Each structure stands twice: as structure tokens, then as C-alpha cells.
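Working notes, beginning with the structure itself.
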Amino acid sequence: MTKGNGGDIKKCYRSGQLKHAYKVVIAGNHECTFDDTFLRSSNREVEAKEIALKQALQASLSSSKVTSPKSLLTNGIYLEDSVIELFGIIIYGTPWQPRVDNWAFNLSRGQALLDKWNNIPAGVDVLLTHSPPLGE
């Protein structure tokens, strides 16, 4: 989808050029602005580049007057720990993945990540994830 900054978010509009009736998408670790906690989180071990990234993203959103980056995705169905049924096919989408550096939608292996996977309902036909549920 995007690399998380304002200019890249606008690339989501390209999905409207695809001739599919439905486009079901999830975020990944680079969709920093889609992760509600990413920009607000702070960690003593945060690197200077992460602080700079967060500041740049916040500035880009502010200057673009974007309060919800997810609202810019108008040409697809965005799933975040949610389900949709299309043509009798049940699709569940979740962006979470085992921690890789300090990116969006990362959780440490253990109970927090297991809780996300345990929320996947029974009877799902298609599981849409950013990485395999059990990691690499």
C-alpha cells in the first residue's frame, strides 16, 4: 500500500484503477499512520531516526489536514482485526506481526500477539495477514 508518508498515502488512489469489484486490503508495518498507537508511543530505546520519522509523519498529516489516514483509502475495503463476507466467502484481515524493529503493527512474541491470533473467528475462509501468524 504505502510507505506511510503523506505522498505515499495518496498512491492508494491507484487501487481505483484496478477493474475489480472489491479490493480487500490490510496495513503492514510501513503503514505507520494507520497504527493508532505508533505515533503516540514512546520508548526510551527509540532511535533518533524513529523520532524523526514520527515527527515527519505528524507534520505531513497536519499540513495535509488529514485527521484519519484510513479515510483516504476510498477504493478498497480496509480490514483491521475485522471480517467481511463477500459472495459467501468470509475474509478476516489483521495487520499484526511479530516485532521487527520498531515499526507499525508490531507486537512482541508472546501473549499480546497470541491474543490477536486468538481473536480470529472460526469459519474464516480467507485469512489476510501481513506476515504468517506464526512468524518466519
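Residues in the sequence shown are numbered from 1 upward in steps of one, following the working numbering. All C-beta atoms, glycine included, are put in the ideal place defined by N, C-alpha and C. All of these numbers come straight from a predicted model, not from anything done at the bench.
Determine the direct distance from the alpha carbon of residue j to that of residue i, and round the result to whole angstroms.
i	j	result
Ser63	Gly28	24 Å
Thr2	Ile84	Residue placement at Thr2 is poorly supported in this model, since its pLDDT is 44, which falls under 50; the coordinates are not used for a value here.
Leu61	Asp36	13 Å
Thr33	Glu80	13 Å
Phe87	His30	30 Å
Tyr92	Ser82	6 Å
Ile120	Asn106	17 Å
Gln55	Leu114	31 Å
Across which residues does DSSP place residue i in a beta bridge pair?
i	result
Leu18	Looking at the DSSP assignment, Leu18 forms no beta bridge with any residue, so it has no partner.
Thr129	Thr94
Please state if the CB of residue j and the CB of residue i are separated by a distance shorter than 9 Å.
i	j	result
Lys70	Thr94	no
Gln97	Ser131	yes
Gly123	Ile90	yes
Val24	Leu73	no
Ala104	Phe38	yes
Those runs of the alpha helix (DSSP H) which lie wholly inside the segment 48-126 and span at least 4 residues: 48-63 and 111-118
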